[in-house]
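**Student:**
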Amino acid sequence: MIPDVLVIGGGNAALCAALMAREAGASVLMLEAAPRQWRGGNSGHTRNLRCMHDAPQDVLTDAYPEEEYWQDLLKVTGGQTNEALARLAIRASGNCRDWMCRHGVHFQPSLSGTLHLSRTNAFFMGGGKALVNAYYRSAERLGVAIRYDAAVDRIEIKRGRFVAAWVGAERITAKACVVAAGGFESNREWLRVAWGQNERGEWPADNFLIRGTRYNRGVLLKELLQAGADAIGDATQAHMVAIDARAPLYDGGICTRIDCVSLGVVVNRDGQRFYDEGEDFWPKRYAIWGRLVAQQAGQLAYAIIDAKAAGRFMPPVFPGVRADSLTELARKLGLKVDRFMRTLNDYNAACQIGHFDHTVLDDCRTSGLTPAKTHWARTIDTAPFFAYALKPGVTFTYLGLKTDASSAVHFDGKPSENLFVAGEMMAGNVLGKGYTAGVGMAIGTAFGRIAGTQAAQAAR
Ligand SMILES: Cc1cc2nc3c(=O)[nH]c(=O)nc-3n(C[C@H](O)[C@H](O)[C@H](O)COP(=O)(O)OP(=O)(O)OC[C@H]3O[C@@H](n4cnc5c(N)ncnc54)[C@H](O)[C@@H]3O)c2cc1C
70 MIPDVLVIGG
80 GNAALCAALM
90 AREAGASVLM
100 LEAAPRQWRG
110 GNSGHTRNLR
120 CMHDAPQDVL
130 TDAYPEEEYW
140 QDLLKVTGGQ
150 TNEALARLAI
160 RASGNCRDWM
170 CRHGVHFQPS
180 LSGTLHLSRT
190 NAFFMGGGKA
200 LVNAYYRSAE
210 RLGVAIRYDA
220 AVDRIEIKRG
230 RFVAAWVGAE
240 RITAKACVVA
250 AGGFESNREW
260 LRVAWGQNER
270 GEWPADNFLI
280 RGTRYNRGVL
290 LKELLQAGAD
300 AIGDATQAHM
310 VAIDARAPLY
320 DGGICTRIDC
330 VSLGVVVNRD
340 GQRFYDEGED
350 FWPKRYAIWG
360 RLVAQQAGQL
370 AYAIIDAKAA
380 GRFMPPVFPG
390 VRADSLTELA
400 RKLGLKVDRF
410 MRTLNDYNAA
420 CQIGHFDHTV
430 LDDCRTSGLT
440 PAKTHWARTI
450 DTAPFFAYAL
460 KPGVTFTYLG
470 LKTDASSAVH
480 FDGKPSENLF
490 VAGEMMAGNV
500 LGKGYTAGVG
510 MAIGTAFGRI
520 AGTQAAQAAR
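The numbers in our numbering rise by one with no breaks, and the one at position 440 of the sequence shown is 509.
(1) Taking GLN365 as the reference, which of GLU225, ILE449, GLU268, ALA474 has the closest Cα?
(2) Rounded to whole angstroms, what's the CA-CA distance from GLU397 to LEU118? Just pull it up for me.
(3) Of the residues LEU75, THR505, PRO385, which one's Cα is nearest the Cα of LYS244?
(4) State yes or no: is the C-beta of GLY423 nearer than 6 Å to some heavy atom of ligand 1?
(5) Alpha carbon to alpha carbon, how far is ILE159 from GLU135? Give it in angstroms, no decimals.
(6) Of the choices ALA296, ARG206, ILE312, whose alpha-carbon is the least far from that of THR227?
(7) Can you list, in chain order, the residues of its chain whose CB lies under 7 Å from that of PRO273, leaving out five sequence neighbours each side?
(8) Which residue from MET383, LEU200, PHE409, VAL429 puts its Cα closest to that of GLY347?
(9) Once DSSP output is grouped into helix, strand and coil, what is the label at PHE516?
(10) In the DSSP assignment, find the beta strand (DSSP E) that holds TRP235 and state where it starts and stops.
(11) Among the residues of its own chain, which have a CB less than 6 Å from the CB of ILE512, if the five just before and after it don't count?
(12) Mind reading off the beta-carbon distance from ASP313 to PHE387? Whole number of angstroms is fine, and I expect it under 8 Å.
(13) Per DSSP, which residues does LYS227 bridge with? Please list them.
(14) Considering only DSSP beta bridges, list what THR466 is partnered with.
(15) Output needed for PHE193: all residues of its chain with C-beta closer than 8 Å, excluding positions within five of it in sequence on either side, in chain order.
(16) What's the C-alpha gap between LEU413 and ILE449?
(17) For LYS483, which three-state DSSP category applies?
(18) How is GLN365 classed by DSSP in three states: helix, strand or coil?
(19) Name the residue from ARG280, LEU294, TYR467, SER187 whose alpha carbon lies nearest to the alpha carbon of ASP303.
(20) Can you tell me whether VAL288 sits near ligand 1, meaning its C-beta is under 6 Å from at least one heavy atom of the ligand?
(21) Are the CB atoms of GLY229 and SER485 within a distance shorter than 7 Å?
(22) Using only the heavy atoms of ligand 1, determine whether one of them is closer than 6 Å to the beta carbon of GLU258.
(23) State the Cα-Cα distance for the pair HIS574 and ARG400, rounded to the nearest angstrom.
(24) Less than 7 Å between C-beta atoms, sequence neighbours within five positions excluded: which residues of the same chain meet that for TRP358?
(25) Return the first residue and the last residue of the alpha helix (DSSP H) that PHE409 is part of.
(26) Could you confirm whether any beta carbon from chain D is found closer than 7 Å to the beta carbon of ALA86?
(27) Using only the heavy atoms of ligand 1, determine whether one of them is closer than 6 Å to the beta carbon of ILE32.
(28) Our contact map puts ARG381 next to HIS427 with C-beta atoms below 8 Å; I'd like the distance itself, whole angstroms only.
(29) Tell me which residues share the same chain as GLY389 and place their Cβ nearer than 7 Å to its Cβ, disregarding the 5 neighbours each side in the sequence.
(30) Can you give the beta carbon distance from GLY403 to VAL145, rounded, assuming they're within the 8 Å contact cut?
(31) Within this structure, are the beta carbons of HIS172 and TYR204 separated by less than 7 Å?
(32) I need the boundaries of the beta strand (DSSP E) containing VAL336, first residue and last residue.
(33) For GLY109 and GLY79, I'd like the C-alpha separation in whole angstroms.
(34) Does the distance from the C-beta atom of ALA477 to that of PHE489 stay below 7 Å?
(35) Among all the DSSP beta bridges, which residues are the ones paired with ASN190?
(36) For LYS460, write down the residues that DSSP places opposite it in a beta bridge.
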């Protein structure tokens, strides 16, 4: 039987689309590239959703009005955002949680150690894996047909209309289609081409780790761009975090994050600092550090802290390199001791006495140092000292398909009548660059739900 709506993908955006299309009365087939045990894409790694709200709500404290949310987004994207679509996602984040709960998602207050998020972000009880499992259960109950190990490798488009998708030699037709198959972050060849070769002759992408699923290879994105779909964003823009250099190549998830950057200093392989570690609160800055490390030689850097910082950040899975003196630490890291010590001595000498408070933008800063450390600058002088090697960890890429408030894929500026897009595949419409925690799931939920509704309507 030909389904009304074909949903390609198996993460949050695809599930939201499938559930909404089914609720609207459409028959739905969902194709997930991953085997069942790896289903859910990057969504399975998530923890929270950034939500606008005008007053305290169950797990959310205080208020986070639309305007403040928008200003936060404007700031992190440097204006590379579509205001109408951004506001649409923001407003939807204020009223989607009842629907999510109806499909089995539970929320909990923000975890201790995740700084400053209790006001802005609602945490999923059991994390993204529990959210994804709840949606799959609900989808099965509602009669959504789900196929695993079903990677779509080709898509047929005729004059901007979806015709069929191919899984190997099998051709699958449907009246309408939602593509929600993530970015291309797991396609290492594509990343290599996008990032190119640097002035040192390195191919930086060869040293990137992928924080999430190995199944987001951008096959559909490439297919659709080749079929003439309008693009949004830049292939080199991605959400990139500095993660533990010992993390696995795929699926390391959030536990590979190293969250002590703002409490210490970060040096590169030459023992030099290269950016203000205390520029802003960590949730607003963690996503720029992957790119900063990617620009360093060998795509490697080291976060250095002393005993005063220990216990003040989410503990990494693996212990850091520990030493009783800074010179010993430099030796253990294989760094030139004199260079490293010059950097640390200069930094320590530049730290101004202030009132240290990691919960506010405090007045502990350096003076006369380049680059400055503008908050939480305390001398690194108390043994034991710790270091964590950092590598760039790609979360998701921003190159995507251009869309509008109906989530239709555009061809030559015209919206398709029966092809819709959601999640990472179109997040670049809202996030031209930068990131603020929890907005990925806000975009995926808003546009996934719209895409599902629109596809059901188109199928009718
Ligand atoms: C470690 C980590 C932590 C994160 N934490 C958060 C957070 O707390 N809050 C937040 O808002 N965002 C977070 N994000 C970002 C968030 O994961 C994404 O914004 C969001 O999950 C995107 O949803 P999606 O459905 O578009 O993609 P995904 O969830 O990645 O789903 C894509 C799906 O498409 C499938 N697929 C790919 N290619 C094909 C194909 N050819 N055929 C069929 N299926 C295919 C994949 O198998 C996968 O199931 C995090 C990401 C990572 C990696």
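Glycine included, C-beta positions come from ideal geometry on N, C-alpha and C.
**Tutor:** Answer, in terms of the structure:
(1) GLU268
(2) 42 Å
(3) LEU75
(4) no
(5) 7 Å
(6) A small fix is needed here, since residue 227 is Lys in this sequence, not Thr. Here the closest residue by C-alpha is ALA296.
(7) TRP264, ASN267, ALA363, GLN368
(8) VAL429
(9) helix
(10) 230-236
(11) ALA158, ALA496, VAL499
(12) 6 Å
(13) ARG230
(14) ALA307
(15) THR115, ARG116, ASN117, LEU118, VAL174, HIS175, PHE176, GLN177, ALA199, LEU200
(16) 8 Å
(17) strand
(18) coil
(19) TYR467
(20) yes
(21) yes
(22) no
(23) Here the chain covers residues 70 to 529 and nothing more, so residue 574 does not appear.
(24) VAL310, ALA311, VAL330
(25) 406-419
(26) Among the chains of the structure shown, chain D does not appear; only one protein chain is present.
(27) In the structure as shown, the chain begins at 70 and stops at 529. Residue 32 is therefore absent and cannot be evaluated.
(28) 6 Å
(29) PHE455, ALA456, TYR457
(30) The pair is not a contact, with the Cβ atoms about 35 Å apart (cut-off 8 Å).
(31) yes
(32) 334-337
(33) 5 Å
(34) yes
(35) ARG119
(36) ILE312
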